[in-house]
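Peer 1: Below you'll find the structure I mean.
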């Protein structure tokens, strides 16, 4: 079982599952939910190696292992700590 952490909140995420729903619960803003708009950009403060590789959508937006799209990313195992621009 993995988890997404933001500030003092931790949302559990099953290994191999998308982090989208957990990030939405943490307040990450979403637009299209399909990797086209870039609204859900997050910064991985800790645990970037616990995530899947970049998707083609993330690569087309010049994302890297530390700067991901929450709608496209899956957790492989363990936990990650994120930050994002709060609205």
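Residue numbers (my numbering): 14 to 100.
The beta carbon of each residue, even a glycine, is placed where N, CA and C say it ideally should be.
Just so you know, these numbers come straight off a predicted model, no measurement behind them.
Quick test of the definition: if touching needs 3 or more C-beta pairs under 8 Å, does the stretch 17-26 touch the stretch 61-79?
Peer 2: no
Peer 1: What are the complete beta strand (DSSP E) segments, minimum 3 residues, inside the stretch 27-87?
Peer 2: 54-59, 80-82
Peer 1: Let's see if you can read the secondary structure: which residues bound the beta strand (DSSP E) around residue 18?
Peer 2: 15-19
Peer 1: Note down the Cα distance separating residue 63 from residue 91, rounded to an integer number of angstroms.
Peer 2: 6 Å
Peer 1: How about residue 40 and residue 52: do their beta carbons lie closer than 7 Å?
Peer 2: no
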